[in-house]
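Below is one structure; the comments refer to it alone.
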Amino acid sequence: MDNQYVVGWGTLALINAALAQGKNRTGLNWFLLSLVLGPAATFILLFVEKREYKQVRENE
């Protein structure tokens with residue numbers, strides 16, 4: 000039973016990392032945060048808005 004718990008927690012962390020990358024956030028940071036917070040990190044990610052990348056123009 001303990002093995003299933005660890006596998007489920009790790010799978011959730013991977014899903015959260017993918018969700019974070021889809022919102023233009025750092026997947027590794029959210030993966031590590033998800034290992035600690037678990038389902039709470041999922042709820043945080045659900046309500047965080049997507050980041051927009053700012054394009055930097057070089058001098059023409």
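For the sequence shown, numbering that gives the first Met the number 0 begins at 0 and goes up steadily by one.
Virtual Cβ for every residue (Gly too), placed ideally from N, Cα, C.
In three-state DSSP terms, what is residue i?
i: asparagine 23; result: coil
i: tyrosine 52; result: coil
i: glycine 9; result: helix
To the nearest angstrom, how far is the alpha carbon of residue i from that of residue j?
i: phenylalanine 30; j: asparagine 15; result: 6 Å
i: glycine 26; j: glutamine 20; result: 5 Å
i: glutamate 57; j: leucine 13; result: 36 Å
i: leucine 34; j: glutamine 54; result: 32 Å
i: threonine 41; j: threonine 10; result: 12 Å
i: tyrosine 52; j: valine 5; result: 35 Å
i: arginine 50; j: tryptophan 8; result: 26 Å
So residue i and residue j are supposed to be a Cβ contact under 8 Å. How far apart are they, rounded?
i: leucine 44; j: leucine 18; result: 5 Å
Leaving out five residues on either side along the sequence, give the residues of the same chain with a beta carbon under 8 Å from the beta carbon of residue i.
i: valine 47; result: Lys22, Arg24
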